[in-house]
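Please read the structure below before turning to the comments.
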Ligand SMILES: Nc1ncnc2c1ncn2[C@@H]1O[C@H](COP(=O)(O)OP(=O)(O)O)[C@@H](O)[C@H]1O
Ligand SMILES: [Mg+2]
Ligand SMILES: [Zn+2]
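So, in structure tokens, the structure goes:
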């Protein structure tokens, strides 16, 4: 199920950690260049978590779990041809710095996306204007809720236009079991998202919508997070290998 994954296809990279390239609610992003492998010479990004907390190891695992689930949904959306262009998803790998002042530390590495744009957030923010890509992304979110039979919502859709398609990165999965990390706002998040969602030409009339649509969170462009809950985190760490 990795057909629409955009992978590193590289084994080494040189990262410039002297300048912060970008940052979000959760991560600091550095720019770099792949040095070995198929993508050697191409630009990449390197992401580290802002807070070096005891939860860091679980953050990496959760990021990869979100990407795997998101990829399943993106693959289905492409296969069903809900739009006439394809959507790719950057698939990060966890690499370890082998030199410099971050030696031994882990980071997420993935290919660079140019012309970065954000299309929705996990609290239901969407751009005021509309365009085919903006609408396609709202439809992808709606589709995810339908195809998961109300259990999950793929959102925080952001990335860049790429040849004949669109490349996404860092999506959020909101789930009824709240099992996808600190940006998973649970049932109230799903309800909040749909309070703002307006179906467009790419949404299908038969797609499920929640019965309850209410703004439980402030609608904001930046990613909203819930603070780690002691019990749930402890349970998660137990399941980590090693
Ligand atoms: N693959 C990428 N290529 C280019 N810029 C990126 C890429 N991934 C993230 N960014 C930039 O870094 C910012 C933060 O990255 P993101 O993965 O969204 O972290 P956070 O978890 O903090 O939201 C993004 O808003 C974007 O500006
Ligand atoms: Mg983000
Ligand atoms: Zn819709």
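In UniProt numbering, the protein residues as written are 1 to 242. The beta carbon of each residue, even a glycine, is placed where N, CA and C say it ideally should be.
> Residues near ligand 3, CB to any non-hydrogen atom under 5 Å, in chain order?
Replying inline: Sorted by position in the chain, 142, 199 and 203 make up the residues whose C-beta lies under 5 Å from a heavy atom of ligand 3.
> For the alpha helix (DSSP H) that residue 69 lies in, which residues bound it at each end?
Replying inline: Your numbering for residue 69 matches position 69 in the chain shown. Segment 56-79, the alpha helix (DSSP H) holding residue 69.
> For residue 194, which residues from the same chain have a beta carbon less than 7 Å from its beta carbon, with the 5 sequence-adjacent residues on both sides left out?
Replying inline: Against the chain shown, residue 194 aligns to sequence position 194. These residues qualify, in order along the chain: 209, 210 and 213.
>> Does residue 136 pass the burial test, meaning 16 or more other C-beta atoms within 10 Å, or should it be called exposed?
In response: Along the chain shown, read from residue 1 onward, the residue named residue 136 stands at position 136. The residue is buried, with at least 16 neighbouring Cβ atoms inside 10 Å.
> With burial defined as no fewer than 16 other Cβ atoms inside 10 Å of the residue's Cβ, what is the status of residue 99: buried or exposed?
Replying inline: Looking up residue 99 in the chain shown gives position 99. By the neighbour-count rule (16 or more Cβ atoms within 10 Å), residue 99 is not buried but exposed.
>> Just to check my reading of the structure: residue 141 and residue 157 have Cβ atoms closer than 8 Å, yes? What is that Cβ distance to the nearest angstrom?
In response: Taking the chain shown and counting its residues from 1, one reaches residue 141 at position 141. Taking the chain shown and counting its residues from 1, one reaches residue 157 at position 157. Rounded, the Cβ-Cβ distance is 7 Å, consistent with contact.
> Are the Cβ atoms of residue 9 and residue 43 separated by less than 7 Å?
Replying inline: For this step, residue 9 is matched to residue 9 along the chain shown. For this step, residue 43 is matched to residue 43 along the chain shown. By the CB criterion at 7 Å, residue 9 and residue 43 fall outside the cutoff.
> ligand 2 heavy atoms versus the CB of residue 114: any closer than 6 Å?
Replying inline: As a working mapping, residue 114 is identified with position 114 in the chain shown. For ligand 2, not one heavy atom lies less than 6 Å from the Cβ of residue 114.
> Since residue 4 and residue 89 are thought to touch, with beta carbons under 8 Å apart, how far apart are those beta carbons, to the nearest angstrom?
Replying inline: The count along the chain shown starts at 1 and reaches residue 4 at position 4. The count along the chain shown starts at 1 and reaches residue 89 at position 89. Sure, about 6 Å apart at Cβ, within 8 Å.
>> Quick check on DSSP: helix, strand or coil for residue 152?
In response: For the purposes of this step, residue 152 is identified with residue 152 of the chain shown, where counting begins at 1. In the structure shown, residue 152 sits in a strand (DSSP, three-state: E or B).
> Buried or exposed: residue 6, going by 16 or more other Cβ atoms within 10 Å of its Cβ?
Replying inline: For this step, residue 6 is matched to residue 6 along the chain shown. The residue is buried, with at least 16 neighbouring Cβ atoms inside 10 Å.
>> At 4 residues or longer, what runs of the alpha helix (DSSP H) sit wholly inside the region 165-189?
In response: none
> Roughly how many angstroms lie between the CA atoms of residue 86 and residue 226, to the nearest whole one?
Replying inline: By 1-based counting over the chain shown, the position of residue 86 is 86. By 1-based counting over the chain shown, the position of residue 226 is 226. Residue 86 and residue 226: Cα-Cα distance of roughly 32 Å.
> Is DSSP giving residue 224 helix, strand or coil here?
Replying inline: Within the chain shown, the letter at position 224 stands for residue 224. Residue 224 falls in the coil class under three-state DSSP.
> Would you say residue 107 touches ligand 1, meaning its beta carbon is less than 6 Å from a heavy atom?
Replying inline: As a working note, residue 107 is residue 107 in the chain shown. Incorrect: residue 107 has no Cβ contact closer than 6 Å to ligand 1.
>> In the DSSP assignment, the alpha helix (DSSP H) including residue 145 goes from what residue to what residue?
In response: Within the chain shown, the letter at position 145 stands for residue 145. Looking at the DSSP string, the run of the alpha helix (DSSP H) that includes residue 145 is 132-147.
> Is the region 122-137 in contact with the region 40-59, if contact means three or more CB pairs nearer than 8 Å?
Replying inline: no
> Are the beta-carbon atoms belonging to residue 35 and residue 16 less than 7 Å from one another?
Replying inline: Counting from one through the chain shown, the residue named residue 35 turns up at place 35. Counting from one through the chain shown, the residue named residue 16 turns up at place 16. No, Cβ-Cβ distance for residue 35 and residue 16 is not below 7 Å.
> Nearest CA to the CA of residue 59: which residue from 164, 196, 170 and 188?
Replying inline: In the chain shown, residue 59 corresponds to position 59, counting from 1. Distances from the CA of residue 59 to each of 164, 196, 170 and 188 were compared; the closest alpha carbon is that of 170.
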